[in-house]
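S.K.:
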Amino acid sequence: GRRELTIVSGMDDTSGVSVEVQDTGPGLDPEELDRLFQSFYTTKPDGIGMGLAISRSIAEAHGGQLSAAPNQPHGAAFRFTLPAAEKSSEGARSHRVDRLRSMVVGREGVEHATFYPRTA
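In this text, residue positions in the sequence shown follow this note's numbering: the first is 1, and each later residue adds one.
(1) Could you give the DSSP three-state label for Ile48: helix, strand or coil?
(2) Would you kindly check if the distance between the Cβ of Gly16 and the Cβ of Ala61 is under 8 Å?
(3) Residue range of the beta strand (DSSP E) that Arg79 falls in?
(4) Quick one: what's Ala68 bridged to in DSSP?
(5) So, with DSSP's three-state summary, where would you put Ser18?
(6) Over the uninterrupted beta strand (DSSP E) stretch that includes Thr6, give me the two end residues.
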């Protein structure tokens, strides 16, 4: 069937920002969740098992978190959170996305992706 990717972003419950990426693929084996972020652990024949370990360490180095969970009814959901900045730096612009954006990704990847700003 058609694979879809949904990206939801916004403020989380701890005054930080969060981004959750959900797909409708084959999902995650619950027994693999504990090992998923370990260095050199991979479920792919061509993988080296460093991508998620590096991603989590980057998030944690900035005071955030990276986690994975099954997406219901099928697929996977990855969520990362980072603390919100207390002040914006001079010259920095902030903007708010009030509309949905969609895109189609390459033929071997996801066929459709939708981006949603998280609302309170």
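Just so it is clear, CB atoms sit at the ideal spot from N, CA and C, and this is done for glycine as well.
M.R.: Checking against the coordinates, here is how it stands:
(1) Counting from 1 along the sequence shown, the entry for residue 48 is found at position 48. Coil, per DSSP.
(2) Translated into positions along the sequence shown, residue 61 becomes position 61. Translated into positions along the sequence shown, residue 16 becomes position 16. Result no, Cβ atoms of Ala61 and Gly16 do not sit closer than 8 Å.
(3) Within the sequence shown, residue 79 is the residue found at index 79, counting from 1. Here the beta strand (DSSP E) through Arg79 covers Ala76 to Pro83.
(4) Taking the first residue of the sequence shown as 1, we reach residue 68 at position 68. Partner(s): Phe78.
(5) Along the sequence shown, read from residue 1 onward, the residue named residue 18 stands at position 18. Three-state DSSP puts Ser18 in a strand.
(6) What you label residue 6 is simply residue 6 of the sequence shown in a count that begins at 1. Residues Glu4 to Met11.
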